[in-house]
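A.B. asks: One structure follows; several queries about it will come next.
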Amino acid sequence: VEPDISNSSTNISHRPIDLKDIKARGRFGVVWRAQLGNQEVAVKIFPMQERQSWITEQDIFKLPRMNHPNILEFIGCEKRSDMASTDFWLITAYCENGSLCDFLKAHTVSWTDLCKIATTMARGLTHLHEEIQSSRTDGLKPSIAHRDFKSKNVLLKADLTACIADFGLALVFTPGKSCGDTHGQVGTRRYMAPEVLEGAINFTRDAFLRIDVYACGLVLWELVSRCTVHGGPVDEYRLPFEAELGPHPTLEEMQDNVVTKKLRPRIFDPWRHHPGLVAICETMEDCWDHDAEARLSSSCVLERLSQYARFPTRQYFVATNTTNELPAKLATESL
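Dropping the structure here:
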């Protein structure tokens, strides 16, 4: 069904959009920074062959209660045709700090920055996953699995608040309805949970939500890898498993390492010297547990991360701590 453009939160169909410069290229299209009247916006342009992703994304954005500070703000959509081709435009708010992936390539983060980014990211994922019952003013907000959660799909606003983007592969779980196409092995290979790599998914809502949480654990690792709070040297930014498997791991390499050998990104010794980093490492390990049913829920990740800002904002050496366990006395004092 062709979407009704007039249903957009802002009817943009008769307002000129001035494309400025390309900010990102992805599997589904190109993202431009653009001007809509006096508002700076992002325009994601999908080619004809990715029309279904354009429809899926806007269908997700138009669901009840998707207007949330940690979900990318939807502005509108358009179909644009000329003699040569037809493109599909998705117009959203523009996040000036770009993707978390690109931000971490260029910047290290303080403990305060890490806590803000991680907590707001988890808040967005929790909202996505949550089913909210209908009220007198809003319909039911169904539970949604992202299915391509990664640092490229977490965007940062000017104040480093995170918001979740890119719903082209998302699955909606409406009570009493089939969730539609549930092809299991989708997403970005590097971020695939072991059960996705194995092709052994239980096709239930909770199984899909746990796959997102696994990927969230990897993104937390990316954040910690660029944090300065431990006072030691901070390595150049690397994607999860990049050190072990290089920039373009094959599906077979991911299966061999993540499923068979149960490899996870390395937790470095300096990270064990600050009580907050110790705690966040424990949380990331609970996110990427091999046993999907043992993983945290996104709401539990949020609850834990919300506590961590109370830890010291400077290096706090945990003497002779060679595990991820926080000594009981220190844990009590730090909270």
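Residues in the sequence shown are numbered from -14 upward in steps of one, following this note's numbering. Note that beta-carbon positions come from the ideal geometry of N, C-alpha and C, so glycine has one too. All figures in this text were calculated on a predicted structure; none of them were measured in a lab.
Out of curiosity, what's the CA-to-CA distance linking residue 30 and residue 255?
C.D. replies: Their backbone Cα atoms lie some 43 Å apart in a straight line.
A.B. asks: When you compare only the Cα positions, how much space is there between residue 153 and residue 220?
C.D. replies: Spanning the two alpha carbons is a distance of roughly 33 Å.
A.B. asks: On a CA-only basis, which of 13, 76, 69 is nearest residue 21? Give me that one, please.
C.D. replies: Of the candidates 13, 76, 69, the one whose C-alpha sits nearest the C-alpha of residue 21 is 76.
A.B. asks: Write down the C-beta distance between residue 173 and residue 133 rounded to the nearest angstrom, noting that I regard them as a contact closer than 8 Å.
C.D. replies: Right, their Cβ atoms sit about 6 Å apart.
A.B. asks: Under 6 Å Cβ to Cβ from residue 187, same chain only, skipping five residues before and after it: list those, please.
C.D. replies: None.
A.B. asks: Tell me the rounded alpha-carbon separation between residue 128 and residue 288.
C.D. replies: Going from the Cα of residue 128 to the Cα of residue 288 covers about 19 Å.
A.B. asks: Helix, strand or coil: which one does DSSP assign to residue 231?
C.D. replies: Coil.
A.B. asks: Where does residue 9 sit, in a helix, a strand or coil, going by DSSP?
C.D. replies: Three-state result, residue 9: strand.
A.B. asks: In or out: residue 7 buried (at least 16 other Cβ within 10 Å) or exposed?
C.D. replies: Per the 10 Å Cβ criterion, exposed.
A.B. asks: For the stretch 115 to 131 and the stretch 139 to 146, state whether three or more C-beta atom pairs, one from each stretch, are separated by less than 8 Å.
C.D. replies: Touching, no, given that fewer than three Cβ pairs across the two stretches are closer than 8 Å.
A.B. asks: Within the continuous alpha helix (DSSP H) that includes residue 268, where are the two ends?
C.D. replies: Taken as a continuous stretch (DSSP letters only), the alpha helix (DSSP H) holding residue 268 covers 260 to 272.
A.B. asks: How big is the Cα-Cα spacing for residue 4 and residue 60?
C.D. replies: Taking the straight line joining both Cα atoms gives about 15 Å.
A.B. asks: Sort out for me which residues DSSP pairs residue 59 with in a bridge.
C.D. replies: Residue 59 pairs with 77.
A.B. asks: Alpha carbons only, please: which of 81, 62, 83 is nearest the one belonging to residue 73?
C.D. replies: Closest by alpha carbon: 62.
A.B. asks: If you run the structure through DSSP and keep just helix, strand and coil, what is residue 66?
C.D. replies: Of the three classes helix, strand and coil, the one that applies to residue 66 here is strand, per DSSP.
A.B. asks: Just the Cα atoms here: how many angstroms apart are residue 179 and residue 238?
C.D. replies: When rounded, the distance between both Cα atoms is 12 Å.
A.B. asks: Look at the alpha carbon of residue 216 and the alpha carbon of residue 37, and state the distance between them as a whole number of angstroms.
C.D. replies: When rounded, the distance between both Cα atoms is 47 Å.
A.B. asks: Can you check which of these residues, 284, 297, 294, 298, is closest to residue 108 by C-alpha distance?
C.D. replies: Of the listed residues, the one whose Cα sits closest to residue 108 is 284.
A.B. asks: Is DSSP giving residue 286 helix, strand or coil here?
C.D. replies: Residue 286: helix per DSSP, three-state reduction.
A.B. asks: Can you look up residue 252 in the DSSP assignment and give me helix, strand or coil?
C.D. replies: Of the three classes helix, strand and coil, the one that applies to residue 252 here is coil, per DSSP.
A.B. asks: Measure the C-alpha to C-alpha separation of residue 210 and residue 44 and round it to an integer number of angstroms.
C.D. replies: So the alpha carbons of these two residues sit roughly 35 Å apart.
A.B. asks: With a CB to CB cut of under 7 Å and the five nearest residues on each side skipped, what residues in its chain are close to residue 368?
C.D. replies: In the structure displayed, the chain extends from -14 to 320; residue 368 sits before or after that span and is not available.
A.B. asks: Quick check on DSSP: helix, strand or coil for residue 210?
C.D. replies: DSSP places residue 210 in helix when its eight states are reduced to three.
A.B. asks: For the beta strand (DSSP E) containing residue 128, name the first residue and the last one.
C.D. replies: 128 to 130 is the span of the beta strand (DSSP E), which, as asked, contains residue 128.
A.B. asks: What span of residues does the beta strand (DSSP E) with residue 18 cover, start to end?
C.D. replies: Taken as a continuous stretch (DSSP letters only), the beta strand (DSSP E) holding residue 18 covers 15 to 21.
A.B. asks: Looking at the secondary structure, which residues open and close the alpha helix (DSSP H) in which residue 143 lies?
C.D. replies: Where residue 143 is concerned, there is no enclosing alpha helix (DSSP H), given that its DSSP letter is neither H nor E.
A.B. asks: Please state the DSSP three-state secondary structure of residue 133.
C.D. replies: It is coil, neither helix nor strand.
A.B. asks: From what residue to what residue does the beta strand (DSSP E) around residue 281 run?
C.D. replies: Where residue 281 is concerned, there is no enclosing beta strand (DSSP E), given that its DSSP letter is neither H nor E.
A.B. asks: Within a Cβ cutoff of 7 Å, which residues of the same chain sit near residue -6, ignoring the five residues on either side of it in sequence?
C.D. replies: Summary for residue -6: the model assigns pLDDT 45, below 50, so the residue's position carries little reliability, and this model does not support an answer.
A.B. asks: Could you give the DSSP three-state label for residue 198: helix, strand or coil?
C.D. replies: In this structure, residue 198 counts as helix in the three-state DSSP scheme.
A.B. asks: Taking the alpha helix (DSSP H) that residue 30 belongs to, which residues open and close that run?
C.D. replies: It is not in any alpha helix (DSSP H) - residue 30 instead sits in the beta strand (DSSP E) that spans 24 to 31.
A.B. asks: For residue 94, which three-state DSSP category applies?
C.D. replies: Correct three-state label for residue 94: strand.
A.B. asks: Just grab the DSSP bridge partners of residue 4 for me.
C.D. replies: Answer by DSSP bridge pairing, in chain order: 19.
A.B. asks: Report the partner residues of residue 84 according to the DSSP bridge assignment.
C.D. replies: BP columns for residue 84 point to 140.
A.B. asks: Please tell me whether residue 56 and residue 125 are closer than 8 Å, where the distance is taken between their beta carbons.
C.D. replies: No, these two residues do not count as a Cβ contact at 8 Å.
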